[in-house]
Amino acid sequence: MADTIKLSVNGVEVEVQAGKNLVDAVAAVGIEIPHICYHPALGADGNCRMCLVEIEDGRPPLVPACKTRAVEGMKVRLDSEKIKKIQRDIMEFELINHPIDCPICDQAGECILQDYYMKYDGAQSRMRVPQVVKGKKIDFGAGVVHDQERCVLCARCVRFTRLITKTGELGIVNRTDQARVNIFPGRPLSNRYSLNVVDLCPVGAMTSSDFRFKQRAWFLTKSKGICHGCSKGCNIFIDHNREKYQDDIIYRYRPRHNEQVNGYFICDAGRMTYKQENEKRLRTPLASGQQADLESAINALKRRLDQAANPFFVVSPNCSLEQMHAIQQLAAQKKATVSGFSEGYIQEGDGDDWLIQDDKAANRAAFAVLGIDETKEVFNSALKGADLVVNFGNDLSLSGVNNTSLGTAEMAFIGSYANSCADAAAYLVPVASYSEDSGSIINVDGVLQRYETAVKKNVPFPNMLSVIRQLGGGLDDVQAARTSLGNTVEAFKKLDLQNIPAQGLALTASEVGNVTA
Ligand code: SF4
Ligand code: SF4
Ligand code: FES
21 MADTIKLSVN GVEVEVQAGK NLVDAVAAVG IEIPHICYHP ALGADGNCRM CLVEIEDGRP
81 PLVPACKTRA VEGMKVRLDS EKIKKIQRDI MEFELINHPI DCPICDQAGE CILQDYYMKY
141 DGAQSRMRVP QVVKGKKIDF GAGVVHDQER CVLCARCVRF TRLITKTGEL GIVNRTDQAR
201 VNIFPGRPLS NRYSLNVVDL CPVGAMTSSD FRFKQRAWFL TKSKGICHGC SKGCNIFIDH
261 NREKYQDDII YRYRPRHNEQ VNGYFICDAG RMTYKQENEK RLRTPLASGQ QADLESAINA
321 LKRRLDQAAN PFFVVSPNCS LEQMHAIQQL AAQKKATVSG FSEGYIQEGD GDDWLIQDDK
381 AANRAAFAVL GIDETKEVFN SALKGADLVV NFGNDLSLSG VNNTSLGTAE MAFIGSYANS
441 CADAAAYLVP VASYSEDSGS IINVDGVLQR YETAVKKNVP FPNMLSVIRQ LGGGLDDVQA
501 ARTSLGNTVE AFKKLDLQNI PAQGLALTAS EVGNVTA
């Protein structure tokens with residue numbers, strides 16, 4: 021381990037990374053120092069005192085671990101009677117006016133107060149006077165609903181709007197048991213990252229109006245995924261649940277920490293893209309304009325493709341690297357031109373200087389790496405001569421291509437979401453979306469990331485790679501596609517695509533700009 025130091029915790033020597041505060045340093049070796057107000061993205065505020073520890077080196081005996089840097093030789097005690105009493109006292113203090121809301125609180129099951137009470141307290145309430153009644157269900161704007169009674173005044177939400185978004189919509193007003201988190205009159209939360217305060221809130225005081233009361237936290241399977249809402253590729257948790265006799269439904273996206281991509285946060289718009297995974301889906305296969313079962317639709321499209329004189333393949337900038345590669349291989353076999361024309365996915369000026377990008381496609385960077393043309397000229401000229409257009413999920417209407425401008429060519433659509441291209445298709449094959457499939461994508465900063473299947477539908481859609489194989493392609497699955505990419509694409513020859521690290525792989529400028537050998 022580079023730059024490590026040794027210190028002792030409860031008399032046991034541990035080796036930790038240098039330069040961190042005690043909370044983070046010992047957390048990395050599996051030791052928990054309970055903390056409420058501290059969050060690594062917001063820094064130490066020191067207001068809750070839950071993280072007090074004893075240091076046996078002559079300095080003031082009690083220090084907040086969140087504000088104390090771990091140093092060589094430090095002797096830290098978390099297990100003394102004094103520390104245990106402090107932890108119980110802090111919990112009692114936090115719970116004095118806290119309502120017994122757990123049965124109806126969204127945070128139940130993932131709440132610091134619940135967890136710490138069970139772990140560090142467990143005492144009966146000594147309150148013999150009525151609790152202070154505070155405001156409930158206060159609309160803070162941007163889909164955030166606040167419950168003042170549950171708030172422990174850790175100020176994480178306030179610090180987020182001050183330090184991170186720098187919009188400052190939240191503040192703590194008044195003092196003692198009159199202290200409340202609030203918005204300023206007539207100034208609701210209005211930044212594009214507002215819902216992060218719901219994740220940051222360690223208790224159920226900040227809830228999302230979209231998620232409130234939809235699911236209990238313990239019923240949700242929390243799978244890892246990557247947001248496809250723009251070219252940043254933020255890391256997310258896909259929280260989903262499959263109730264008896266029902267389909268597997270996604271209930272929310274939450275940010276997943278990746279320092280190389282999105283830190284601890286995601287944008288509100290990307291967070292809401294989970295909805296299109298449940299709704300807006302293509303479900304009914306078509307063969308020659310008629311409803312068909314899946315096998316018949318794929319077989320009919322295969323026959324039509326085999327007969328096509330001038331097939332033309334259109335690719336979505338949201339297809340994975342593996343899908344794009346398989347499409348290119350099939351195109352080479354069928355002598356089809358491939359176009360990634362998708363300028364309408366780019367919303368000029370919509371991005372900011374943090375996470376949100378102009379480009380609302382997740383994998384446009386792969387076009388350059390794989391040598392897929394995305395110019396309008398090539399698209400128009402290929403379209404002119406085509407008798408069959410096979411569209412792999414590209415919503416051309418975004419780029420101003422309507423169904424009449426598609427000319428006389430017959431249309432096939434292989435994709436996940438309903439759009440006007442799918443409406444015009446004589447051949448339609450619904451396929452698994454990114455939350456139901458695995459693959460890899462390259463983000464706007466050239467970070468290659470992989471994602472795995474998160475959601476398993478009752479009646480699964482086929483994945484796009486398997487459909488391409490049935491149409492005559494030669495790649496069996498994602499692994500085969502990665503092997504082939506490694507063998508044939510210059511940028512990937514030296515990389516191990518089968519083992520892309522969890523935090524992604526930052527490609528060099530030449531790799532991102534490279535074109536197929
Ligand atoms: S609303 Fe939540 S995050 Fe904000 S101060 Fe209260 S407990 Fe902390
Ligand atoms: S910034 Fe882009 S990738 Fe990140 S959450 Fe928002 S839409 Fe998704
Ligand atoms: S976490 Fe250290 S004082 Fe709150």
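The sequence shown runs contiguously to residue 537 in this note's numbering.
Each residue gets a CB set at the ideal place from its N, CA and C atoms; glycine is no exception.
In this structure, N338 sits near A381, with a CB-CB distance shorter than 8 Å. The beta carbon of V43 is closer than 7 Å to those of I53, H55, Y58, C71, A85, C86 in its chain, skipping five residues each way along the sequence. Taking C-alpha positions only, Q134 is separated from E76 by approximately 31 Å.
Bridge pairing for Q311: L306 [DSSP]. DSSP links R69 through a beta bridge to no other residue.
About 6 Å separates the Cβ atoms of I132 and V223, confirming a contact at the 8 Å cut-off. A contact is defined here as three or more CB-CB pairs under 8 Å, and the stretch 21-40 meets this definition with respect to the stretch 89-107.
DSSP, read as helix, strand or coil, puts P123 in helix.
Residue range 341-354 is occupied by the alpha helix (DSSP H) that includes M344. L390 is positioned such that its CB atom lies closer than 8 Å to that of V509.
For L220, the shortest separation between its Cβ and any heavy atom of ligand 1 lies below 7 Å.
The C-beta of E33 has fewer than 16 other C-beta atoms within 10 Å across all chains shown, which makes the residue exposed.
A distance criterion of 7 Å places the beta-carbon of A64 in contact range of ligand 3, judged by its closest non-hydrogen atom. Between ligand 3 and the CB of M431, the shortest heavy atom gap is not smaller than 7 Å. Sequence-distant partners of K300 (beyond 5 residues in either direction) whose C-beta falls short of 6 Å from its own C-beta, in its chain, are Y437, A438. Sequence-distant partners of V532 (beyond 5 residues in either direction) whose C-beta falls short of 8 Å from its own C-beta, in its chain, are A385, A388, V389, I462, G466, A511.
Cα atoms of S228 and G163: separation of roughly 6 Å, rounded to the nearest angstrom. With contacts defined as CB atoms closer than 8 Å, V479 and E456 fail to qualify as a contacting pair.
By a beta-carbon distance limit of 8 Å, L495 contacts Q349. Their separation comes to about 7 Å.
Assignment of beta-bridge partners to T241 by DSSP yields H260. The distance from the Cβ of V409 to that of F361 is about 12 Å, inconsistent with a contact at the 8 Å cut-off.
Put simply, of L306, D516, G413, R470 the residue whose alpha carbon is nearest the alpha carbon of A446 is L306.
Q377 has its CB nearer than 7 Å to a heavy atom of ligand 2.
Under DSSP, the beta-bridge partners assigned to E35 are K26. Fewer than three pairs of CB atoms, one per stretch, sit closer than 8 Å, so the stretch 213-220 makes no contact with the stretch 247-262. Excluding residues up to 5 positions away in sequence, K513 lie with their Cβ nearer than 8 Å to the Cβ of N507 in the same chain. Here C177 is not near M111, since their CB atoms are 8 Å or more apart. The C-alpha of Q280 lies about 29 Å from the C-alpha of N483. Where K234 is concerned, there is no enclosing beta strand (DSSP E), because DSSP gives it neither an H nor an E. The beta carbon of F399 sits closer than 7 Å to the beta carbons of S359, F361 from its chain, once the five residues preceding and following it are set aside; these are given in chain order. Annotation for M111 indicates a beta carbon at 7 Å or more from all heavy atoms of ligand 3. Pairwise C-beta distances place the stretch 273-288 out of contact with the stretch 485-495, as fewer than three of them are shorter than 8 Å. Taken in chain order, the complete beta strand (DSSP E) segments of 3 residues or longer contained in the stretch 445-477 are 447-450, 459-462, 467-471. L495 carries a coil assignment under DSSP once its states are collapsed to helix, strand and coil.
For F231, same chain residues with a beta-carbon under 6 Å away, outside a window of 5 residues either side, are R272 in chain order. Bounds of any beta strand (DSSP E) do not take in E189, whose DSSP letter is neither H nor E.
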